[in-house]
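**Q** Take a look at the following structure, please.
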Amino acid sequence: MKRSIRTTALIISITAISLGAAACGGPPDKDSGSTTKAATATSAKDLGGMDALVKAAQKEGQLNVIALPPTWANYGKIIDAFSDKYDIKINSAQPDAASQDEINAANTLKGTKRAPDVFDLGQSVALANTSMFAPYKVATFDSIPEDFKDADGTWVNDYGGFMSVGFDTKKVPEVTSLDDLLGAKYKGKVALNGDPTQAGAAFSGVVMASIANGGSADDIAPGVSFFEKLKKAGNFLPVDPTPATIESGQTPVVIDWDYTNAAETAKLPSWKVVVPEGAAVGGYYYQAINKDAPHPAAARLWQEFLYSDEGQNLYLGGGARPVRADAMKADGTLDEELYSKLPAVQGDPVLLTEEQTKTAADYLSKNWSKVAG
Amino acid sequence: MGRRIRRLVPVLGLVPFFGYLTIFLLIPTVAVVVGAFVENDRASLSNIRALGDGVVMRTLWHSIVLSAESAVIGAVLGAVLAYAVVTGRPDGLLRRSVTSACGVLAQFGGVTLAFAFIATLGFSGVVTEAGRDLLGIDLFGNGWLFGLNGLTLVYTYFQIPLMVIVFLPSLDGMRVQWREAAESLGASTWQFWRYIAGPLLLPAFLGSMLLLFANAFAAYATAAALVSQGSPILPLLIRNALTSEIVLGQSHLAFALALDMIVVVVIVMTLYALLLRRTSRWLR
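Protein chains in written order, with this note's numbering: chain A, 1 to 373; chain B, 1001 to 1284.
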C-alpha cells in the first residue's frame, strides 16, 4: 500500500502544514554546535566515533521519518527497536505516502523542524533526486555489495525483494503460474498493489507479467497485454489491496512484493506467496539522508542502525531481503531461520536499469489506460 | 473628503472577504496559469501541447461525460423530488425533513461516501452478499463500482439533494394565482405546463443542472477514495502527475491539466450566470 496513494489527505496536510509554517514564520532554531558538525559528517568517525554520534543524536532527541508503513518490511518493529535502543522519539509521518511524496514533503517543509530526516525511496525517484541527499558511509559500508550503493554513500540500497503472487488458499485454487490467473476460478479476484503508472510495486508487477509472457526488461508490452486479457476475462479487480482488504477477503489474490505479501501470512494462515517460476523480478529500495535534515545526527544514527546486523535482521523479520544478506551469511550473523522462510526464487532474477525503467514508464503512461481506462 | 470616506466604510466590511478571495482563489489561479506555461524553469508550451495527447483528451471526455450524466440524472430526479415537496404544506413535516436531509446529504461526499458505497456494493458489501446468498446474482461483477459507472452512481447520490436545494426557490417562486388565472381562461394542465410553468422554470432548471455539472466536474475526494486503478477523470490524472513515482517531473503537466479544468468550469459558470440573469427577471 505504501507506494500507492492517500493523496487527499496528503494535499490537505501539506497545504495546511505549509500555511501553518508560513503563518508562524519564526526563524528556524539556532543549530547547536554538534548538530552543525553532524550535518556534514560523512561517517561516524567524523564526529569522533559511534558514542559521540549516539550522544549527538540523543541531544537532538527526535527523528522524522515519512512513508514507512508499519506492515512494510517490518518498519513498525524497526521504528520501535530504534526508539527503545537510543531513547529517541520517532515522528512517523504519512505512513501510506508514495516515494514522490517524500521528496515533495522535503521540499515543502524545508527549513522547518518537521522536514523528513531520512528517505526510503523507489529507484526512479531516488536516482532523480540525488542532489537532495547527504553522503554518509555507515560502519558496515564495505560489506554492502558494490552494485547496491553509491560509492560515496549518497544512497545505499537497504532491502529488496521479488515480485510475487499472494493468494488465499481458502478462496482460490493454488496459483502455480501467472497464466492460472486468467482462469474462471479467479473472476473478479486478482488485485495489483497500486496503479503501475504511479506506484513502484505495481510497475514491477507489470514487468513480471511481461517476463512471464515472453517479454523482457526492455519490452514490457506483453505485460500490459497480459493485464488487458485479465481485465477482459473479468478477473482484474480494480481495488488497492491493503492488509484490511486481504484479511477481510476482498482481495483474494494480490500481486505485490514478496515481503509485503509474506507479512500477511502471519495474520492469515491460509495466505500463500509464490514468486512465479522464470519471472523473478527484483527490486531494491534506496535509503538516503536528507541534506537539509533537521536532525542530522539522528538521521545518521538511523542509517547506522538500519545497516547494523540488528537492523538488517529486522528487515528480514518482515520478509524483505536485507542488502547485506550475503556478507552476514558469511559472518554467521544472519538469522538463518528467517532467511529460510523467504519464498523460493527460481531462475535468474531480473533487475531493471534506470534506462529500462524509463522506457517502460513511457510505454506504460501511454498504454496502461487501455487496461484501466 | 469626509463624504468619500463615509462612502468607503461599507466597503471596508468586505475587506476580509476580498482577502479570502485573493488567498484562496486568485493566487492559486494565477499560480496554475503561470505554472502551466513553464517547464524546467523556462517559459514553454510543451505542457499545453501535452493537453492534446490521447490519454489527456480521453480523460477530459470521461470527466465531461461523468459530470453530465450525474448532472442530468440528479437534475431530473431532484426536480421531481423538489416538486413533490413544494406541493405539500410549506411548514409540513415532509418539507422540513426533506430540505434538512438534503442540506446534509448534498455535503456528504469524500472518503465517507466512498466507504459507504464500498460497504454496500463492494466485493463483500452488505447488498452484494445478500444478492449472492438470496438471489444468486453477482452484483459486484468485475468491479464496476471502482470505475466510471461506479463514480456516476456515487456522484448522483450527492447531486440529487443538491438539486433539491438549488431548485426549490424557483419552484417556490411560482404563484398559485398564475395557475388560477390560466385555469379561469380555460387552460388545461398540459397547456399550463407547456406555455407558462415550463418556460418559466426552464432557465432555472438548466442553470441548476450546470451548477451540478460543475460540482461533479471538480469533485475529487470521493473519486480518489474509490478509484485506485487508473485515472479515469481529470482530478485523478492531476494526482497521478503530482505523485507518480514511475513517471517523474510532471508537476507542470498538473498545472496544465488544472488549467484545462478551469477553462471548462469558467465556460459552465458563464452559462450559469447568463441563465441566472434570465431566471431572476421572472422571480423578482
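Note that the Cβ used here is the ideal one computed from N, Cα and C, for glycine as well.
All values derive from a computational prediction rather than experimental measurement.
First and last residue of the beta strand (DSSP E) that includes K89 (chain A)?
**A** Looking at the DSSP string, the run of the beta strand (DSSP E) that includes K89 (chain A) is K89 to A93.
**Q** Does K30 (chain A) come within less than 8 Å of chain B when only Cβ atoms are used?
**A** In this prediction, K30 (chain A) scores a pLDDT of 43, lower than 50, which makes its location untrustworthy; no coordinate-derived value is stated.
**Q** Answer with yes or no whether the minimum CB distance from G25 (chain A) to chain B is below 8 Å.
**A** With a pLDDT of 40 at G25 (chain A), under the threshold of 50, the predicted position of this residue should be treated as unreliable, and no value is reported.
**Q** Strictly below 7 Å CB to CB, what residues from chain B border V125 (chain A)?
**A** E1245 and L1248
**Q** Rounded to the nearest angstrom, what separates A1177 (chain B) and E1183 (chain B) at their Cα positions?
**A** According to the sequence as given, residue 1177 (chain B) is Gln; it is not Ala. Distance between the alpha carbons of Q1177 (chain B) and E1183 (chain B): 10 Å.
**Q** Are any of the Cβ atoms in chain B nearer than 8 Å to that of W368 (chain A)?
**A** yes
**Q** Taking its Cβ as the centre, do 16 or more other Cβ atoms sit within 10 Å of V1034 (chain B), making it buried, or is it exposed?
**A** exposed
**Q** Taking A57 (chain A) and Y86 (chain A) to be in contact with their CB atoms under 8 Å, please state how far apart those CB atoms are, rounded to whole angstroms.
**A** 6 Å
**Q** Compare the C-alpha of W72 (chain A) against each of A:A41, A:D120 and A:S83 and name the closest.
**A** A:D120
**Q** With H, G and I counted as helix, E and B as strand and the rest as coil, what does DSSP make of L237 (chain A)?
**A** strand
**Q** Helix or strand or just coil, what does DSSP make of D96 (chain A)?
**A** Here D96 (chain A) carries a coil assignment [DSSP, helix/strand/coil].
**Q** For the candidate residues B:G1150, B:A1084, B:Q1191 and B:W1190, whose alpha-carbon lies nearest to that of D1172 (chain B)?
**A** B:A1084
**Q** Alpha carbon to alpha carbon, how far is S1100 (chain B) from A1079 (chain B)?
**A** Spanning the two alpha carbons is a distance of roughly 16 Å.
**Q** Answer with yes or no whether the minimum CB distance from S1063 (chain B) to chain A is below 8 Å.
**A** no
**Q** For a cutoff of 8 Å on Cβ pairs, would you count V350 (chain A) as touching chain B?
**A** It does not; no Cβ of chain B falls within 8 Å.
**Q** Taking only beta-carbon atoms, is G122 (chain A) less than 8 Å away from chain E?
**A** Note that chain E does not occur in the displayed structure, where the protein chains are A and B.
**Q** Three-state secondary structure (DSSP) at K149 (chain A)?
**A** Looking at K149 (chain A) - three-state DSSP - the assignment turns out to be strand.
**Q** Below 9 Å on C-beta distance, what does G1122 (chain B) contact in chain A?
**A** V239 and Q250
**Q** Residues of chain B with a CB under 7 Å from the CB of S389 (chain A): which are they?
**A** Because chain A in this structure spans residues 1 to 373, residue 389 (chain A) falls outside the shown range and cannot be described.
**Q** Under the three-state reduction of DSSP, which class applies to E354 (chain A): helix, strand or coil?
**A** helix
**Q** Given a threshold of 16 other Cβ atoms within 10 Å of its Cβ, counted over all protein chains shown, does L364 (chain A) qualify as buried or as exposed?
**A** buried
**Q** Would you say S1067 (chain B) lies against chain A (beta-carbon separation less than 8 Å)?
**A** Answer no: the Cβ-Cβ gap between S1067 (chain B) and chain A never drops below 8 Å.
**Q** Based on DSSP bridge pairs, tell me the residues matched to L192 (chain A).
**A** A:I255
**Q** Measuring only between beta-carbons, confirm whether N1240 (chain B) sits less than 8 Å from chain A.
**A** yes
**Q** Cutting at 7 Å between CB atoms, please list the residues of its own chain near I11 (chain A), excluding the five before and the five after it.
**A** For I11 (chain A), the predicted structure reports a pLDDT of 46, less than 50, and the residue's modelled location is therefore unreliable. The matter cannot be settled from this model.
**Q** Could you name the residues of the region 1141 to 1162 of chain B whose beta carbon sits closer than 8 Å to any beta carbon of chain A, in the order they occur along the chain?
**A** G1141, N1142, G1143, F1146 and G1147
**Q** How long is the line joining the alpha carbons of G318 (chain A) and M163 (chain A), rounded to whole angstroms?
**A** For G318 (chain A) and M163 (chain A), the distance between alpha carbons rounds to 15 Å.
**Q** A360 (chain A) by DSSP, collapsed to three states: which one?
**A** Note: A360 (chain A) maps to helix in three-state DSSP.
**Q** For N193 (chain A), which residues in the same chain have their Cβ closer than 6 Å to its Cβ, ignoring the five residues on either side in sequence?
**A** A201, A202, P241 and D256
**Q** Output, in chain order, the set of chain A residues within a Cβ distance shorter than 9 Å of R1132 (chain B).
**A** Those within 9 Å of R1132 (chain B) in chain A number zero; the least Cβ separation is about 12 Å.
**Q** By Cβ distance, which residues of its chain are closer than 8 Å to A105 (chain A), with the 5 residues on each side in sequence left out?
**A** I14, I66, A93, Q94, A97, A115 and P116
**Q** CB A1224 (chain B) to CB G1109 (chain B), shorter than 8 Å?
**A** no
**Q** List, in order along the chain, the chain A residues whose C-beta lies closer than 8 Å to that of V1055 (chain B)?
**A** S365, K366 and S369
**Q** Write down the C-beta distance between V165 (chain A) and P276 (chain A) rounded to the nearest angstrom, noting that I regard them as a contact closer than 8 Å.
**A** 6 Å
**Q** Give the DSSP bridge partners of Q287 (chain A), in chain order.
**A** A:D120 and A:V156
**Q** When the cut-off is 8 Å and only beta carbons count, does G375 (chain A) lie next to chain B?
**A** Nothing in the structure corresponds to residue 375 (chain A), since chain A is present only between 1 and 373.
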